[in-house]
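One structure below.
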Amino acid sequence: MKNVWLLRLGLVLVLVLLFVLASVTGVREQLTPARLQQAVADAGLWGFGLFVVCFSVGQLLQVPGIVFILVARAAWGPVLGFANAYVGALVAAGVVFLLVRTVGGSPLGRITWGPAKRVLAGLERRPVLTIASLRAVMLLSPPLNYALALSPVRQGHHLLGSALGLVVPIAVVMFLSESALALFHSVS
Numbered sequence: 280m281k282n283v284w285l286l287r288l289g290l291v292l293v294l295v296l297l298f299v300l301a302s303v304t305g306v307r308e309q310l311t312p313a314r315l316q317q318a319v320a321d322a323g324l325w326g327f328g329l330f331v332v333c334f335s336v337g338q339l340l341q342v343p344g345i346v347f348i349l350v351a352r353a354a355w356g357p358v359l360g361f362a363n364a365y366v367g368a369l370v371a372a373g374v375v376f377l378l379v380r381t382v383g384g385s386p387l388g389r390i391t392w393g394p395a396k397r398v399l400a401g402l403e404r405r406p407v408l409t410i411a412s413l414r415a416v417m418l419l420s421p422p423l424n425y426a427l428a429l430s431p432v433r434q435g436h437h438l439l440g441s442a443l444g445l446v447v448p449i450a451v452v453m454f455l456s457e458s459a460l461a462l463f464h465s466v467s
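Note that this note's numbering numbers the sequence shown so that position 101 is 380, with each residue one more than the last.
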């Protein structure tokens, strides 16, 4: 039991250190869509791998997932951008889930406070539907990623629920960004 608490403390310290380091060095501010798009373009064939790694690290650093979806749209266009954003989102959500679950376990499953217990009951009864609904509304919200990892939900349910729930919001972001780009180009 002592080792589990040390691992949890270690995860918290590493995440805080990464966040502080990214903020102090200016890396966090450098993770803009334009800079990421240029990095992907400069990487050539390695661009997709770099994109997925940046997406995963960004999610660990609590960069909103929509930033990476917009980068995918800008770097690869609407169709390939959608496919790359979708795969990148699933990998990033999975990486966060695995790392946080490995170190943190699932302490939310042992909550005894009534209101929180009722919320988690829905997740336990219908995990895939609940996760898909949460993803459809909250997309790749970093707090949602951490909460799901710390909940008692199984990894397979997390992946399936995320896969189902991310399709529509990613498509909407692609469509809206396409419309915004078209409007911008017609005005300029």
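Built from N, CA and C at the ideal position, the CB exists for glycine as well.
Nearest to residue i (by Cα), restricted to the options the options
{"i": "residue 355", "options": "425, 327, 410 and 415", "result": "327"}
{"i": "residue 342", "options": "422, 456, 322 and 430", "result": "422"}
{"i": "residue 399", "options": "424, 317, 417 and 431", "result": "431"}
{"i": "residue 440", "options": "416, 454 and 308", "result": "416"}
{"i": "residue 352", "options": "320, 371 and 428", "result": "320"}
{"i": "residue 424", "options": "322, 450, 316 and 368", "result": "368"}
{"i": "residue 420", "options": "436, 444 and 406", "result": "444"}
{"i": "residue 372", "options": "304, 323 and 340", "result": "340"}
{"i": "residue 365", "options": "380, 442 and 436", "result": "442"}
{"i": "residue 436", "options": "383, 406 and 317", "result": "406"}
{"i": "residue 370", "options": "329, 305, 382 and 458", "result": "329"}
{"i": "residue 316", "options": "362, 380 and 346", "result": "346"}
Residue i classed as buried or exposed, judged by whether at least 16 other C-beta atoms fall within 10 angstroms
{"i": "residue 296", "result": "exposed"}
{"i": "residue 434", "result": "exposed"}
{"i": "residue 467", "result": "In this prediction, residue 467 has a pLDDT of 47, which is less than 50 and means its spatial position is unreliable; what the coordinates show is noted afterwards. Exposed: under 16 other Cβ atoms inside 10 Å."}
{"i": "residue 456", "result": "buried"}
{"i": "residue 414", "result": "buried"}
{"i": "residue 344", "result": "buried"}
{"i": "residue 335", "result": "buried"}
{"i": "residue 358", "result": "exposed"}
{"i": "residue 418", "result": "buried"}
Closer than 7 Å: residue i CB and nearest the ligand FMN heavy atom
{"i": "residue 385", "result": "The model depicted lacks the ligand FMN and carries no ligand whatsoever."}
Rounded straight-line distance, which links the Cα of residue j to that of residue i
{"i": "residue 408", "j": "residue 452", "result": "22 Å"}
{"i": "residue 348", "j": "residue 397", "result": "33 Å"}
{"i": "residue 299", "j": "residue 404", "result": "38 Å"}
{"i": "residue 360", "j": "residue 402", "result": "31 Å"}
{"i": "residue 471", "j": "residue 331", "result": "Since the displayed the chain opens at 280 and closes at 467, residue 471 lies outside it and no answer follows."}
{"i": "residue 450", "j": "residue 429", "result": "28 Å"}
{"i": "residue 374", "j": "residue 411", "result": "18 Å"}
{"i": "residue 427", "j": "residue 377", "result": "11 Å"}
{"i": "residue 337", "j": "residue 302", "result": "13 Å"}
{"i": "residue 333", "j": "residue 350", "result": "11 Å"}
{"i": "residue 253", "j": "residue 318", "result": "In the structure as shown, the chain starts at 280 and stops at 467, and residue 253 therefore has no counterpart that could be examined."}
{"i": "residue 363", "j": "residue 458", "result": "19 Å"}
{"i": "residue 382", "j": "residue 324", "result": "33 Å"}
Residue interval of the alpha helix (DSSP H) (run including residue i)
{"i": "residue 355", "result": "344-383"}
{"i": "residue 305", "result": "Counting along the chain, residue 305 falls outside any alpha helix (DSSP H), and DSSP gives it neither H nor E."}
{"i": "residue 323", "result": "Run containing residue 323: none; DSSP gives neither H nor E here."}
Whole runs of the beta strand (DSSP E) within the stretch 416-454, excluding any shorter than 3 residues: none
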